[in-house]
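Visitor: Please find one structure pasted underneath; my questions will follow.
Right, here's the structure in full:
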């Protein structure tokens, strides 16, 4: 084949997990190729929370100053407005990290930062506008690369290791025979934008009759509205019901949403699932390709990045000597599967409260009252959200 590339590791997917892993492996001196199907990273309604654990990793990589120089906003604690009464859900002030805040940065800016840092290493290569369709196997049926199409036609990439970091809708896992274990999701999320007037603010989380998350983007608000799973068909009636729910949660926000139409609303179908097995001979899945997360807590990006760090630490030294064997890939899964299971269990438990509807004046639910009345509990939830169950270190 004319357009054949040989590399040590090919990573399919230029998201947070893929680019972080590419950076770390190139930093170790490996030849690594990251393949991204889009021409750039400019997609809206993607997760943009950068947790304290990820900022700690950036500090270890010497990238924290570059991160802080990129426009962002910080939140030292996550607060919730329950029918107008504010309480703290998570407090990051006691974390043992370089920064004790959760930051908000458009994901495309964060990905540009990682890609630019990785490009400083001669072994790093980023192929844009290249769609990978299937795996390539050798004569022993071991996965030995991937094939797809790019700007110059068909492309084949041969590698000692294939990493699938292409996200929850990956086609590679299925083509390699890796099947997910589904966990029923009770909710979906509607995303939309609202204009912002100068100095206008809203609470980050508003609840009591469903839930709304408001992210301040500077010149507009990005809104996430949690709804029961399968209840959105994209009709005008759906939009009318959505506006009524928003108005019951936040009358002021409901007024701002009056002009929304069907085309303004984007649906995220929440899936809580993970692969039965994350690997096969020659290929490993990480991030959303291995475990689709709920947006609750915004932890998906940071779990994916921690997968990448563990993968680089475990497999990087092996790649310097030989192709990783299945038992090597299994070490990564064993390291990361437990925090994924714990996090998904918590997210599953949150689905009911996130969808609950109460009338103004109704008692605050017991878990929220406990957080309100015991500050130490908010620090515990802050550690869970900010660090994760099993944080990883670069070295």
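Residue numbers (full-length UniProt numbering): 1 to 395.
We put the beta carbon where it would ideally sit given N, CA and C, even for glycine.
Bear in mind that the values here come from a model prediction, so they are computed numbers and not experimental data.
#1: Could you name the residues that DSSP lists as bridge partners for residue 156?
#2: Among residues of its own chain, excluding the 5 on either side of residue 355, which ones have a beta-carbon nearer than 7 Å to its beta-carbon?
#3: Counting pairs of Cβ atoms below 8 Å between the stretch 80-91 and the stretch 140-150, do you hit three or more?
#4: Tell me whether the beta-carbon of residue 165 lies closer than 8 Å to the beta-carbon of residue 286.
#5: Does residue 220 pass the burial test, meaning 16 or more other C-beta atoms within 10 Å, or should it be called exposed?
#6: Under 7 Å Cβ to Cβ from residue 331, same chain only, skipping five residues before and after it: list those, please.
#7: Look at the alpha carbon of residue 279 and the alpha carbon of residue 212, and state the distance between them as a whole number of angstroms.
#8: Within 10 angstroms of the Cβ of residue 283, are there 16 or more other Cβ atoms? Answer buried if so, exposed if not.
#9: Contact defined as beta carbons within less than 8 Å: I believe residue 55 pairs with residue 103. What is the distance between those atoms, to the nearest angstrom?
#10: With a 10 Å radius around its C-beta and 16 neighbouring C-beta atoms as the bar for buried, classify residue 393 as buried or exposed.
#11: Extract the residue ranges of the beta strand (DSSP E) inside the stretch 253-330, only unbroken runs of 3 or more that lie entirely within it.
#12: How many Å lie between residue 18 and residue 163 at the Cα?
#13: Drop a sphere of 10 angstroms on the beta-carbon of residue 231, count the other beta-carbons inside from all chains shown, and report buried for 16 or more, exposed for fewer.
#14: Can you tell me which of the three DSSP states residue 394 falls into?
#15: Rounded to the nearest angstrom, what separates residue 389 and residue 343 at their Cα positions?
#16: State the beta-bridge partners of residue 103 as determined by DSSP.
#17: Cα separation between residue 346 and residue 38?
#18: Could you spell out where the beta strand (DSSP E) holding residue 179 opens and where it closes?
#19: Alpha helix (DSSP H) containing residue 424: first to last residue?
#20: Going by the beta-carbon positions, is the gap between residue 118 and residue 8 smaller than 8 Å?
#21: For residue 176, which residues from the same chain have a beta carbon less than 6 Å from its beta carbon, with the 5 sequence-adjacent residues on both sides left out?
#22: Could you round the C-beta distance between residue 341 and residue 94 to whole angstroms and report it? I think they count as a contact, below 8 Å.
#23: What are the start and end residues of each continuous alpha helix (DSSP H) run of 4 or more residues lying completely inside the stretch 81-142, in chain order?
Guide: Taking the definition as stated:
#1: According to DSSP, residue 156 bridges with 4, 147.
#2: 186, 187, 210, 226, 228
#3: Three or more Cβ pairs closer than 8 Å define a contact, and the stretch 80-91 falls short of that threshold against the stretch 140-150.
#4: Less than 8 Å divides the Cβ of residue 165 from the Cβ of residue 286.
#5: exposed
#6: Spatial neighbours of residue 331 in its own chain (CB-CB distance under 7 Å, excluding positions within 5 residues in sequence) are listed in chain order as 314.
#7: 37 Å
#8: Counting the other CB atoms within 10 Å of its CB gives residue 283 a total of 16 or more, which places it among the buried residues.
#9: 7 Å
#10: exposed
#11: 266-269, 272-275, 283-285
#12: 8 Å
#13: exposed
#14: coil
#15: 7 Å
#16: Residue 103 pairs with 50, 74.
#17: 33 Å
#18: Unbroken run through residue 179: none, as it is neither H nor E.
#19: Only positions 1 to 395 of the chain appear in the structure, and residue 424 is not among them; the question remains open.
#20: no
#21: 135, 280, 283
#22: For residue 341 against residue 94, the beta-carbon gap comes to about 26 Å, at or over 8 Å, which does not count as contact.
#23: 107-118
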